[in-house]
Ligand code: NAP
């Protein structure tokens, strides 16, 4: 039997980057999948086709804004209605609105916290019910090295990502007795759309502080996400697994 056979997994931000790679990885293990995304229909269709090719028995697309609490609640209800339950939630959707604090707008702070942090609270809250019904589950949150060590020009993003670590640990304590595990993956510098606009000098500086001397791939993050979502991690909860090439230890 494949690792995720008879499991329903919901990955947010699954149209591109790390989320897409995680969805395809879970699909390869036989998971039934819901793929969340914001607006890029072409990328979402491509991700769906890749998950089907990888071996998922059923793939549903969920287009909604994770920054909207009511939409998060509805998305979980839609996943359960369409796919028959929910066993794995990967809170991966994220944005970075960068800028130095002196010029940073209050609405950008609000949006950063809504999309990166509060989304995970609302989705996890709604997911807890079907997971309790299933007598177990796994939640994996995507934090960041920036949430752990900070970064000038990314204060809002860092606040959100640090908050996700608190959410991970508190929820792990709250839901552990019901066999629901909650963990986080903390990537370093990963080559995706999110990082492709970075100037060459910033890229070189980030690669320069890794022990491995290179950027990471979405696939390498996906493997860590799949591990924490799987039964191989059955005694791991409240953990933050770094996938940063030794950028921060
Ligand atoms: P990405 O390539 O920019 O993809 C972002 C994904 O999130 C897309 O699927 C996008 O959907 C979706 N999304 C964005 N805003 C959304 C919203 N409001 N509602 C619903 N979906 C939304 O990002 P990535 O680099 O793979 O990053 C994935 C996660 O890893 C993020 O949480 C990020 O903070 C974290 N991370 C990344 C790095 C890195 O170096 N790349 C490092 C540390 C942590 P559409 O395609 O529809 O726009």
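Residue numbers (my numbering): -3 to 245. Glycine residues also receive a C-beta, built at the ideal position from the N, C-alpha and C atoms.
Practice item. For residue 190, name the three-state secondary structure that DSSP assigns. Key: Taking the chain shown and counting its residues from 1, one reaches residue 190 at position 194. Of the three classes helix, strand and coil, the one that applies to residue 190 here is coil, per DSSP.
Review point. With 16 as the cutoff for other CB atoms within 10 Å, does residue 97 come out buried or exposed?
Key: Looking up residue 97 in the chain shown gives position 101. Exposed.
Review point. For residue 62, does the three-state DSSP call read helix, strand or coil?
Key: Locating residue 62 in the chain shown gives position 66, where the first residue counts as 1. DSSP places residue 62 in coil when its eight states are reduced to three.
Check your understanding: Run through DSSP, which three-state label would residue 151 get?
Key -> Sequence index remark: in the chain shown, residue 151 carries index 155 (1-based). Helix, per DSSP.
Check your understanding: To which residues of the same chain is residue 134 closer than 6 Å at the C-beta, ignoring the five residues directly before and after it?
Key -> Here residue 134 is taken as the residue at index 138 of the chain shown, counted from 1. Once the five neighbours on either side are set aside, the close Cβ partners of residue 134 are 84, 177 and 225.
Review point. Of the residues 204, 212, 43 and -1, which one's Cα is nearest the Cα of residue 8?
Key: Here residue 8 corresponds to residue number 12 of the chain shown, with the count starting at 1. When each option's Cα is compared against that of residue 8, the closest is 43.
Review point. Using a threshold of 8 Å, is the CB atom of residue 138 nearer than that to any non-hydrogen atom of the ligand NAP?
Key: Locating residue 138 in the chain shown gives position 142, where the first residue counts as 1. Yes.
**Study point:** Cβ shell of residue 232 (< 8 Å), same chain only, five flanking positions each side left out
**Key:** Taking the chain shown and counting its residues from 1, the one referred to as residue 232 is at position 236. Around residue 232: 177, 179 and 224.
**Study point:** For residue 46 and residue 40, the rounded distance between their alpha carbons
**Key:** The sequence position of residue 40 within the chain shown is 44, counting from 1. The sequence position of residue 46 within the chain shown is 50, counting from 1. Rounded to the nearest angstrom, the two C-alpha atoms are 10 Å apart.
Check your understanding: Three-state secondary structure (DSSP) at residue 264?
Key -> Outside the shown range of the chain (-3 to 245) lies residue 264, about which nothing can therefore be said.
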